[in-house]
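Going down the list, the protein sequences come from chains A and B. Residue numbers 1334 to 1721, in the working numbering, belong to the letters of the first sequence in order. Residue numbers 57 to 494, in the working numbering, belong to the letters of the second sequence in order. By construction, the Cβ of each residue, glycine as well, lies at the ideal position given by its N, Cα and C atoms.
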Amino acid sequence: MSVKAIVDRCEALFEDLNFQAVKDWKAAAPGRKAIGYMPVYVPREIIHAAGMLPVGILGGGDQLEVIQGDAYYQSYICRIPRSTIELGLTGRLDCLDGMLFPSICDVIRNLSGMWQILFKDKYVRYFDVPQEYRDAVGGAYYVHELEILRDDLGRLRGRPVTDDELRAAIGVYNENRRAIRDLYAFRARTPWLAPTAEVYLVLRAGMVLPVDEHTRLVRDYIAAASAADRPRRDNARVVVTGVFCEQPPLGLIKSIEMAGCYIVDDDFMLVTRWLLEDVPETGNPLEELSRAFLHHSASTSAKYDARREDKGKFLLEQVRTRGAEGVVFAAPSFCDPALLERPMLQDVLAKHGIPYTAFKYAENTGQMAPIREQAGTFADSIKLWSAA
Amino acid sequence: MSTPTPIAGPESRRKPEVQKEDAMWLQKELINKNYMELARARGEGRKVSATFVPGNLNELLMCFDFARSLPETNALQNGMRKKSGKFIMDAERDGQSEDVCTYVKADLGMMMGGEIGPTGDPLPTPDVLLLSYTGCFTFMKWFELIRHKYGCETVMLHVPYQGDGKIAPNMRDYVVKQLQENVIPTLERVSGVKFDIDRLREYMKESQKAEEDLVAVLQSAKNRPSPIDGYFGAVYYIGPIFTAFRGTPEATQYYRVLRGEIEQRVREGKGPVTPEGELAEEKYRLVVEGPPNWTSFRDFWKMFYDEGAVVVTSTYAKVGGVYDFGFRHDPDRPLESLAEYCLGCYTNLNLPSRIDMICKYIEEYQADGLLINSIKSCNSFSAGQLLILREVEKRTGKPAAFIETDLVDPRYFSAANVKNRLESYFQMIKQKRTAAAH
């Protein structure tokens, strides 16, 4: 399959706010169920083990007209909850049998309660994760939370979720994580062959496709893009950070690239690579998922850094391992996690002499010229500094 | 360790320009006393802790002889003293976004100016930040920011959110384990004081007494007329118990005095005391959701009492502990009880529970309606409030209104807008009454 064919398919999935792919998957066999989840992380293995389709809900993007959703939020609250409510109230999420709201910020946390009120016939769970990272303390709490989710989903399908089903699910998600790790390594090695506007769409397809299908798609894309003949440009290599929840419009990603930046790492859809290593496929599956979360997971603002010296470490590693020359802080307006984290990360970067630039966006940001100019100036300055 | 201070008669302290209940003067004295303790802490070789109002483990911190700072209280005190605007802008110049919590920025801005607190006295940089992560995501970033800048030792206490509207045993056990295995050992190490659980029990016995009296005071507003204002007045009443005094004999004494005063007002059929004297006629009884604005606190309150509006109860008065539904600190189960206290704070309740609580308040306090003061800074309170408004109106049939202000950023208090909205709201209540009478 050609790059274009793969990307076109992914773009069609991305643009479909009616979630036809989810409906088709459900219609293919009787009794199938789908569970939505919001950023940053939920253990999709449990949903998959229950025979259900995990569906990532990332707001309405820049194509959705938000009418009802705005009536639920003040002007100073970010956009993703209002467009998510819009999706729900307009029936676009009727194909979901439940929704998970992970612990990320107070807005998404409170949205879980709103969902309980507005969609009484659906399964709704606020999914808390530990901010204490010892197995006997945070781990014990987390395993219990995982057990609740497993039991709830077992009840929803009418049959308990077994350990073997969980182990098998861990296996297929390990495959998926490996493929995405390869994709990210491929892009960092040859960013001119894998523009982030494409990588993003490929990743985004994983929000609605079954995991094994998505793994194949990622592998197909790597193969096709590797063989593509694309010119290499003298762009600045940057990490984009702060985009872990409300998504920027695709046009914004393209604008950063068109301005002369190769995005070599990012925090888009962290759920796909939250767990940094393979999860053991033997042993107690929930305990293994817990250990992976506690000891081998990514870092983001929604997660507590237990030690002062840990702040910014993950970002520095992204910069170092990907050979980045600078960092672009892109944060959604009114995003407490991203905006409160930013000054600390910027301070760490400054101490390491890593240049950065920062701007805010909303999922429906329409004016790309200022962003293109800012990113372009940033890329130019990196090139000038490296030449000096 | 906090030592009880004799509380002198209120006459000597009374100032002529503002009228307050005697207990309000006592409250002011307590709060100032805590700032003096903080100011003297370094000289006396005392370690200093900082923690937040929701999930404030004051009894536990006292077991280690810490002088205790409450950053939200510092921010609001700076707000009331008109100092917060500059601090916020200083923090924004230092890289903080204009979009984020102004309590955080007021605190960071104050710290940037050196170790001077709201009263002008020294306020030492804390030796330990007890990050009681209760009901507010921003708390985590707030203390990470202070730790990042000042290198303070930080100890996390993760308090799970009541997403299902209840405290499950797993949640309580998790908090207790953190107390046993991380929080207490860290506080022992930083303070050099060994933990004594019997000392904790003794403090908790004091807490219980104060909590009983506080609930009696807050529930006195069920009377007609209400002898208190359960929002603007309650801010004074909750001060000691929500900050550095819960568990002290001084707090016990304060709440005993306060309860006595309020019960006397009930017997005499008096309304609440406002800064301009006793409210002559109670025209409207309201429930308020959301914190107050601090930078224009007096002006804000005046908009209510000028119209004869009394807030009979508020959710903000439960932010540092929900006591009116029965919770009391329990010295027989000290750590479990501390965990349940944290888990039960108002902003740790899910939206359906908050709606249930407000509806119950409207019924039990015979309120005319709900007013939501939506705070720009505070997503924990504010996200979802428009749905709360709709649901409460639907369930109670009482009118609700919505105003927007901020905690301590003077740029976000538009007096004319707020006043217009309030006047329209009072008009609406009046019309509803008239319509109901016909």
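Cβ of residue i within 7 Å of any chain A Cβ
i, result
"residue 248 of chain B", "no"
"residue 170 of chain B", "no"
"residue 233 of chain B", "yes"
"residue 230 of chain B", "yes"
"residue 155 of chain B", "yes"
"residue 417 of chain B", "no"
"residue 65 of chain B", "Legend: pLDDT at residue 65 of chain B = 38, less than 50; position of this residue unreliable, no value from coordinates given."
"residue 432 of chain B", "yes"
"residue 237 of chain B", "yes"
"residue 376 of chain B", "no"
"residue 57 of chain B", "A caution first: residue 57 of chain B carries a pLDDT of 34, below 50, which makes its placement in the model too unreliable to give a value."
"residue 88 of chain B", "no"
Backbone CA spacing between residue i and residue j [nearest angstrom]
i, j, result
"residue 155 of chain B", "residue 162 of chain B", "13 Å"
"residue 1707 of chain A", "residue 1693 of chain A", "12 Å"
"residue 308 of chain B", "residue 263 of chain B", "7 Å"
"residue 327 of chain B", "residue 124 of chain B", "35 Å"
"residue 64 of chain B", "residue 291 of chain B", "Confidence at residue 64 of chain B is low in this model, with a pLDDT of 36, below 50, so the placement of that residue should be treated as unreliable; the coordinate-derived value is given next. In a straight line, the C-alpha of residue 64 of chain B is about 22 Å away from that of residue 291 of chain B."
"residue 476 of chain B", "residue 355 of chain B", "14 Å"
"residue 1641 of chain A", "residue 331 of chain B", "46 Å"
"residue 442 of chain B", "residue 1427 of chain A", "23 Å"
"residue 1439 of chain A", "residue 150 of chain B", "25 Å"
"residue 214 of chain B", "residue 1338 of chain A", "47 Å"
"residue 260 of chain B", "residue 115 of chain B", "7 Å"
"residue 1530 of chain A", "residue 1461 of chain A", "31 Å"
"residue 1612 of chain A", "residue 1627 of chain A", "12 Å"
"residue 1343 of chain A", "residue 203 of chain B", "43 Å"
"residue 1425 of chain A", "residue 1351 of chain A", "5 Å"
"residue 66 of chain B", "residue 87 of chain B", "Residue placement at residue 66 of chain B is flagged as unreliable, the pLDDT there being 42, under the threshold of 50; the coordinate-derived value follows with that caveat. Their backbone Cα atoms lie some 15 Å apart in a straight line."
Below-7 Å beta-carbon distance, residue i vs any chain B residue
i, result
"residue 1509 of chain A", "no"
"residue 1442 of chain A", "yes"
"residue 1421 of chain A", "no"
"residue 1637 of chain A", "yes"
"residue 1672 of chain A", "yes"
"residue 1447 of chain A", "yes"
"residue 1565 of chain A", "no"
"residue 1641 of chain A", "yes"
"residue 1459 of chain A", "yes"
"residue 1669 of chain A", "yes"
Boundaries (first-last residue) of the beta strand (DSSP E) holding residue i
i, result
"residue 1526 of chain A", "It is not in any beta strand (DSSP E) - residue 1526 of chain A carries neither H nor E in the DSSP assignment."
"residue 429 of chain B", "425 to 431"
"residue 460 of chain B", "456 to 461"
"residue 1599 of chain A", "1594 to 1599"
"residue 1573 of chain A", "1569 to 1574"
Opening and closing residue of the alpha helix (DSSP H) in which residue i lies
i, result
"residue 442 of chain B", "441 to 452"
"residue 1585 of chain A", "1583 to 1591"
"residue 74 of chain B", "Per DSSP, residue 74 of chain B belongs to no alpha helix (DSSP H) and is neither H nor E."
"residue 1628 of chain A", "1618 to 1628"
"residue 1347 of chain A", "1336 to 1348"
"residue 315 of chain B", "305 to 323"
*Are the segment 1416 to 1429 of chain A and the segment 1442 to 1452 of chain A touching by the rule of at least three beta carbon pairs closer than 8 Å?*
yes
*Could you please tell me which residues of the segment 1514 to 1542 of chain A, in chain order, have their CB closer than 7 Å to any CB of chain B?*
Taking 7 Å as the Cβ-Cβ cut-off, the segment 1514 to 1542 of chain A has no residue approaching chain B.
*asked:* Tell me whether the segment 1366 to 1374 of chain A and the segment 1465 to 1474 of chain A touch, counting them as touching only if at least three CB pairs, one residue from each stretch, are closer than 8 Å.
replied: no
*Should the segment 348 to 355 of chain B be regarded as contacting the segment 382 to 396 of chain B, the criterion being three or more beta carbon pairs within less than 8 Å?*
Result no; under three Cβ-Cβ pairs closer than 8 Å.
*When you check each C-beta in the segment 186 to 208 of chain B against every C-beta of chain A, which residues fall closer than 7 Å?*
From the segment 186 to 208 of chain B, only 189, 192, 193, 194, 196, 197, 200, 201, 203, 204 and 207 have a Cβ closer than 7 Å to chain A.
*asked:* If the cut-off is 8 Å on Cβ atoms, which residues from the segment 1385 to 1410 of chain A count as contacting chain B, listed in chain order?
replied: 1404, 1405, 1406, 1407, 1409 and 1410
*Evaluate contact between the segment 1677 to 1684 of chain A and the segment 1549 to 1566 of chain A, counting only Cβ atoms and requiring at least three cross-stretch pairs below 8 Å.*
No, the segment 1677 to 1684 of chain A does not touch the segment 1549 to 1566 of chain A.
*Of the residues that make up the segment 382 to 409 of chain B, which ones have a beta carbon closer than 7 Å to any beta carbon in chain A?*
406, 407 and 408
*Between the segment 440 to 454 of chain B and chain A, which residues of the former have CB atoms less than 7 Å from a CB of the latter, in chain order?*
440, 442, 443 and 447
*Residues of the segment 1674 to 1699 of chain A with a CB closer than 8 Å to any CB of chain B: list them in chain order, please.*
The segment 1674 to 1699 of chain A vs chain B, Cβ under 8 Å: 1674, 1675, 1676, 1677, 1679, 1680 and 1693.
*In the segment 300 to 320 of chain B, which residues sit with their C-beta less than 8 Å from some C-beta in chain A, listed in chain order?*
Of all residues in the segment 300 to 320 of chain B, none comes within less than 8 Å of chain A when Cβ atoms are compared.
*asked:* Under 8 Å: do the segment 370 to 378 of chain B and the segment 294 to 302 of chain B share three or more Cβ pairs, one atom per stretch?
replied: yes
*Could you please tell me which residues of the segment 210 to 226 of chain B, in chain order, have their CB closer than 7 Å to any CB of chain A?*
212, 214, 216, 217, 219 and 226
*asked:* Is it the case that the segment 280 to 287 of chain B contacts the segment 239 to 250 of chain B, given that we only count it when at least three CB pairs across the two stretches are under 8 Å?
replied: By the criterion of at least three beta-carbon pairs nearer than 8 Å, the segment 239 to 250 of chain B is not in contact with the segment 280 to 287 of chain B.
*Could you name the residues of the segment 348 to 366 of chain B whose beta carbon sits closer than 7 Å to any beta carbon of chain A, in the order they occur along the chain?*
none
_Pairs of beta-carbons, one from the segment 1683 to 1698 of chain A and one from the segment 1390 to 1398 of chain A, closer than 8 Å: are there three or more?_
A contact exists between the segment 1683 to 1698 of chain A and the segment 1390 to 1398 of chain A.
_Tell me which residues of the segment 1464 to 1479 of chain A have at least one Cβ-Cβ distance to chain B shorter than 8 Å, keeping chain order._
When C-beta distances to chain B are compared with 8 Å, the residues of the segment 1464 to 1479 of chain A below that value are 1464, 1465, 1467, 1469, 1470, 1471, 1473, 1474, 1477 and 1478, in chain order.
*Along the segment 72 to 85 of chain B, what residues have a CB closer than 9 Å to any CB found in chain A?*
Across the segment 72 to 85 of chain B, no CB contact with chain A closer than 9 Å is found for any residue.
*When Cβ atoms are compared, which residues of the segment 130 to 162 of chain B fall closer than 8 Å to chain A?*
150, 151, 152, 153, 155, 156, 157 and 160
*May I ask you to verify whether the segment 1373 to 1392 of chain A touches the segment 1476 to 1483 of chain A, counting CB pairs closer than 8 Å and requiring at least 3?*
Result yes; three or more Cβ-Cβ pairs closer than 8 Å.
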